[in-house]
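In full-length UniProt numbering, the protein residues as written are 1 to 1096.
From the three backbone atoms N, C-alpha and C, an ideal C-beta is built for every residue, glycine too.
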Amino acid sequence: MASGGGMEVEVRVVGGARSCFVALPLHLIEALSRTSASGDLPPVLALDLRAAAGARWSLAWSGAASRSRAIEVAQELAECISLPDGTIAQLSVAHSLTRADSVSIEPFSEDDWEILESRADLAEETILQQVGIVYEGMKFPLWLDGHNIVKFVVVSSSPKKSVVQLVPGTEVAVAPKKRKEKYQDVQKQGSLKEQVETKALLRVQAADRKYTHKFKSKGIELGVVLSYAVLIHPDTAARTSFGNLQLVTISSKSSPKGLTEQGKEAGQKKGVAVPKRTREVVVYILFSDSVAKGHVMLPYSIRHFISADTHSLVYVKKYTANVKKDEPIMKMCPLHFSMHEKYVHDNSDLGGYEKDTWRNTSVPLENGNFFQKAPSNEHLLSADADSISESMSEQKVLIKHWLIGQLKELAFHAENSEISSVVLPAKVLIHFEVVDGKLRKGDDFLYLLTITFENPAYNNSQGNVEITWKAPTDDFENLELNFGRLELGEALSFDSVVDDGFDNDFKLTRSSLGWMENAMSDVTKRLSVLVSSTALRLFNRLKLPFPGHVLVHGPRGSGKTALTRAAAKYFEDHQEILAHIIYMDCSKLAIGKAKETRQTIEESISEALLHSPSIIIFDDLDNVISISSDPQVSQSSSSSDSLVRYLTDILDEYKDKSRNACGYGPIALMASVQSLQSLPQELTSSGRFDFHVELRALAIPEREALLKHQVEEHKLQCSEEIISEIASKCDGYDAYDLGILVDRAVHAAASRFVLPSACLNSVNPTLVKDDFLKALHDFLLVAMRDLRKYAPDGNNGGWEDVGGLNEAVTIIKETLELPSKYPNVFTKAPVRMRSNILLYGPPGCGKTHIVRVAAAACSLRFISVKGPELLNKYIGSSEQSVRDFFAKAAAAAPCLLFFDEFDSIAPQRGTHSAGVSDRVVNQFLTELDGVETLTGVFVFAATSKPQLIDAALLRPGRFDRLVFCDFPRWDERVEILKVHSRTVSLASDASLEDVASLTEGFTGADLAAILTDAGLAAVHEVLDSRQDGIPEREPCISKELLVSVAMKARPSTPADDKSGYDKEFGEFVSSRKSLSTKMFGLVSLIPRWRGTKEPG
């Protein structure tokens, strides 16, 4: 029953879709659902489209949604049913369909039948997954193995209905379509010759540049590059019925958009554009085991001529030579290629894209951008009218040496058979490369040799020339060849869109990343599944969920980019995979507009689908898709949300389409981010980027491996003992820091390398320990530029800078120093060791000072956080700050993370109506005793009001070591005064004991202030007693001056406040006392009686 009539829709033809089912826009799906009585749509829906001109098409829909407001139809299906792109038609729907009992079909062509014969089982599995409805006379495609497409025509169906539905149980009969024998009188001798056409679709494998022959011309040594043969694997040849030394035509499957051909003379400024068409070449096939199965290895010149990217698809078709006996006219035309804009815009060294790049120039482009510009052909051929005869002679020399180079390669693959002739087609590519001479090595010369005949009968047919010789194949140098008439043609220029593959300058390989061995192994194992067609078919057959893609996360400089690129390079070089790699630097994409970013990603995904198996790398994905930790920044933006939805839709669609045997080829995605929390959860959910690989801080073995690799990269030597020792001193260094360290060591050793004795030594220079020690001096890690690392030298003292607080020093030493002295014991400890300390006591009694000294004495990186700087009025910001500080400390390990004024950060929960402090406390609890141990991070906190801190933070595993820093006793005051007196000048009779007796109730800060005031008073005494002509004496604190200043000083804590502290600390200790008796091993730190302990 038809419904939905009168709905006007637009049809859009899309590439990459591999099914005869169409995709409907969401608004249309909703409208159709409302027209259904039950509100549900059947699994397969028949659609009828009628154009205004009367044309009619029948289509099927099975639930797919389009990404636009148009009906999306696969390009191949649209071609079969003659449905133009952009068609506007009226839509009607049939909710009920007649099920087909049997359907008879036949292949559209003999080529289709030959492909079907080798893929019959696969066609049987996939036809129901791809085709929903059929009708008599319908032509439809069937996708096999991702790249092979077979087209059928429906002959009949039962029952006889206009449209029937294919269902499980429908009998599908395929009638064979054998190739008919064709006979032709080729040589007009009455003999009949069978013409059998063989055609295959193969994937392109790049060929290495190698010289098949060398010669000299005009003082330039040239190498002949193979350009008249392609290589395939013998197994591929057997499957596709090609023979060794067989002539074939090579053409790209699809011509890139916007390509034109331009023919120009050497002096013209403008040329005439020729309508774009698919270019093809005629070459010989050679067998080689070095070619991957299912691939064809194309030389560079052929790839550029037919515009075939690495890993793209090309048609290989048998060619039957039509040899002419007449004398040929050979025209040799200089040939140049212009890179298409897609590949030029990323190359800043090109100075912008030039449309007129064919012209001769003496400044060739590097080989990475092949033939964009070429050296002047006048170096080899003379175009002047006065030297035509000389030019003809030069042409003969060039053609002869080129042919010798090609023949040597053909003879090498001839399998011990003699070659006595070759056939030159109507167009032949000739390629030379500069080996040595007055031009730059690596410059290219390319010519197009065209063959025509004066006989008018040959104007409309291709003419081939057969070149024969009598000399043996091992004596090609003495060949006598008759080339007919030679001419020098005008210069030609062709556009070309060719990608020479993933970054060839990238040197790191899987084996060279020894310090990432575990991470690399995890990544390659997952990628090996994602890029395997066999694995995807296995998951499909067993109805298993498809594995998700790879997400590498770690701090900046941890090696994420190196890991992803090296893993991709491994699969690109893998002879059984040859993955196509697409690398996107998202930090650069973030600079552009959101529309341009999405367009770039869309183009990359389309390229990956066309070149599968492919790997796409999204480096620094969090630069274009991220969740901001700053609450003042909008948590979501329309552009970021749109990009997230687009990526999730692509991932889900790829997963769904891959379930069909005809679906997309294997594609793997890798992304790198600094933190998992920076990506939306929908992107990291199951089936998307769900395989997470974390790059943690480098341990000593990893640092050793990385240092060794960096030294070898500089072509230097260094003993393993030195590398091991330096690696042990580089706690917290990441890969980037170690690279800088080695560079600094090389610079430190540079003066030694340039000595005459070193220059005479042929052995690689050696780095010594002193070079690394100089490099380590004042070296600051890139990620820690805003942190301070205290060291027990220079201005930062050690434990001797602490006066008094002996019990506190003992506990802190036990916490910080013992794990480093006895690492084996502590790592094997059966319990989690205590590494968190809460210092409490009155203000000014040395809590902050002793923490700073501890960091200096133990050479720890030190992060100090004041309470108020953590708090923020925006929701979630305070908790994020806590997470950020703990993450920073973990990255800087070994590190001491210190929270001052802790009572203002983590008060008791429930005391603030806003609930901010409750969330902060919860975050602290999560960080302190979470699932992951804070390895190498010591967390200290200080407060003068411990009773205000939430009790949960003081339980075991958190701040369970409590250190009381009280007002100093008499003997401790003496020690404090001695420590501070080291920086001032005291008279010999000055008594610090007397000052200690006068300062009962003074804090350590008060005592330091007394010495500071006394020193200032001594300076004033010197200034007041200054007389003309008498040298000034050095300021010195006398006994009388010191006692005088001490008697005038007042404690910073009044007596009433002191009593209040006594009461508060007493109550706090009492509340902890009953708990401490239940806790095994808890250090009891009850405040001491504050006796003066004065002598006598």
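Please determine, among the options, the residue with the shortest C-alpha to C-alpha distance to residue i.
i	options	result
LEU948	VAL974, ILE605, ASN922 and ILE905	ILE905
SER421	ALA857, ARG12, LEU816 and THR468	THR468
LYS560	THR597, HIS692 and SER606	HIS692
ASP743	SER724, SER728, PHE779 and SER719	PHE779
VAL131	VAL529, PHE21, HIS611 and PRO843	PHE21
ALA893	GLY957, LEU998, GLY732 and TYR228	GLY732
VAL937	LEU245, GLY405 and ALA891	ALA891
THR98	PRO159, TRP143 and ALA120	PRO159
GLU110	SER102, ILE71 and VAL150	VAL150
ALA590	ILE601, VAL624 and GLU927	VAL624
ARG209	ASP929, LEU298, SER642 and ASN836	LEU298
ALA173	PHE967, GLU106, ASP289 and ALA237	GLU106
GLN129	VAL11, ALA64, PRO176 and TRP113	ALA64
Which class does residue i belong to by DSSP, given the choice of helix, strand or coil?
i	result
PHE862	strand
PRO234	helix
PHE779	coil
ARG696	coil
GLU197	The pLDDT assigned to GLU197 is 48, lower than 50, so where the model puts this residue is not dependable, and the model offers no usable value.
ILE591	coil
ARG1033	coil
VAL344	Caution is warranted here: a pLDDT of 40 is assigned to VAL344, below 50, making its placement in the model unreliable, and the coordinate value is therefore given only provisionally. Looking at VAL344 - three-state DSSP - the assignment turns out to be helix.
VAL131	coil
SER870	Reading the sequence as shown, one finds Leu at residue 870 and not Ser. If DSSP states are grouped into helix, strand and coil, LEU870 belongs with the helices.
Residue i bridges to which residues according to DSSP?
i	result
PRO334	TYR447
ILE149	TRP143
LEU838	ALA941 and LEU962
MET297	GLN205 and LEU231
SER157	VAL103
ASP649	Note: ASP649 sits in no beta bridge, so no partner.
GLU580	Inspection of the sequence shows that residue 580 is occupied by His rather than by Glu. For HIS580, which the question treats as bridged, DSSP gives the partners SER614.
LYS214	GLY223
Among the residues of its own chain, which have a CB less than 8 Å from the CB of residue i, if the five just before and after it don't count?
i	result
LYS655	PHE546 and GLY687
residue 1097	Only positions 1 to 1096 of the chain appear in the structure, and residue 1097 is not among them; the question remains open.
ALA749	PRO765, LEU767, VAL768 and ASP771
PRO1035	SER985, GLY1015, ALA1018, VAL1019, GLU1021 and VAL1022
Need the endpoints of the beta strand (DSSP E) that residue i sits in, please.
i	result
THR564	Looking at the DSSP string, THR564 is not in any beta strand (DSSP E); the run it does join, the alpha helix (DSSP H), is 560-573.
ASP966	No beta strand (DSSP E) holds ASP966; DSSP gives it neither H nor E.
TRP515	Counting along the chain, TRP515 falls outside any beta strand (DSSP E), and DSSP gives it neither H nor E.
ARG883	Where ARG883 is concerned, there is no enclosing beta strand (DSSP E), although the alpha helix (DSSP H) it sits in stretches over 877-891.
PHE432	427-436
TYR300	Counting along the chain, TYR300 falls outside any beta strand (DSSP E), though it belongs to the alpha helix (DSSP H) covering 300-306.
ARG18	No beta strand (DSSP E) holds ARG18; DSSP gives it neither H nor E.
VAL174	171-174
residue 1098	Since the first residue shown for the chain is 1 and the last is 1096, residue 1098 is missing from the structure and cannot be characterised.
HIS553	550-553
Got a sec, what are the start and stop residues for the alpha helix (DSSP H) residue i sits in?
i	result
SER604	594-610
ILE905	902-905
GLN90	First-last for GLN90: 88-94, but that is the beta strand (DSSP E), not the alpha helix (DSSP H).
TRP799	No alpha helix (DSSP H) holds TRP799; DSSP gives it neither H nor E.
ARG744	735-753
ALA1017	1004-1024
HIS413	First-last for HIS413: undefined, no H or E at that position.
In chain order, what residues of the same chain have a beta carbon less than 7 Å from the beta carbon of residue i, not counting five sequence neighbours either side?
i	result
residue 1098	Limits of the chain in this structure are 1 at one end and 1096 at the other, which puts residue 1098 out of reach.
ALA1014	ILE1037, LEU1041, LEU1042 and VAL1045
ILE577	VAL531, PHE571 and PRO613
LEU77	CYS20, PHE140 and PRO141
Apart from the five residues on each side of it in sequence, which residues of its chain come closer than 6 Å, Cβ to Cβ, to residue i?
i	result
VAL802	VAL809, ILE850 and VAL853
GLU980	Per the sequence presented here, residue 980 reads as His, with Glu not at that position. The residues are ALA1008 and LEU1011.
ILE430	TRP402, TYR447 and LEU449
residue 1101	In the structure as shown, the chain starts at 1 and stops at 1096, and residue 1101 therefore has no counterpart that could be examined.
Flag residue i as yes when its Cβ comes closer than 7 Å to any non-hydrogen atom of the ligand SAH, and as no otherwise.
i	result
PHE432	Annotation note on the ligand SAH: not contained in the displayed structure, which lists no ligands.
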